[in-house]
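Novice:
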């Protein structure tokens, strides 16, 4: 068995950091869409935003992030 010690925190080895970056990027690109739905005051605006941002994280992207992290 070979042990590899990793730093206490390293975003390079944490695929969720890239997922968060992808989601934040989607939010920045779609600011008008988000504001429109939030201003309408619909109860489903938060659900729509959640579904839309999570759809930005595709299985192909997730696989790439895990590969990039060395998993």
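In our numbering, the protein residues as written are 19 to 89. Glycine included, every Cβ here is placed at the ideal spot set by N, Cα and C.
What residue from 58, 77 and 45 has the CA that sits closest to residue 70's CA?
Specialist: The residue with the shortest Cα to Cα distance from residue 70 is 45.
Novice: Between residue 29 and residue 84, is the Cβ-Cβ spacing less than 8 Å?
Specialist: Not in contact: residue 29 and residue 84 (Cβ atoms no closer than 8 Å).
Novice: The alpha helix (DSSP H) with residue 71 in it runs from where to where?
Specialist: Here the alpha helix (DSSP H) through residue 71 covers 63-73.
Novice: From what residue to what residue does the alpha helix (DSSP H) around residue 47 run?
Specialist: Element bounds for residue 47: 33-47.
Novice: How would you call residue 36, buried or exposed, if buried means at least 16 neighbouring beta carbons within 10 angstroms?
Specialist: By the 10 Å Cβ count, residue 36 comes out buried.
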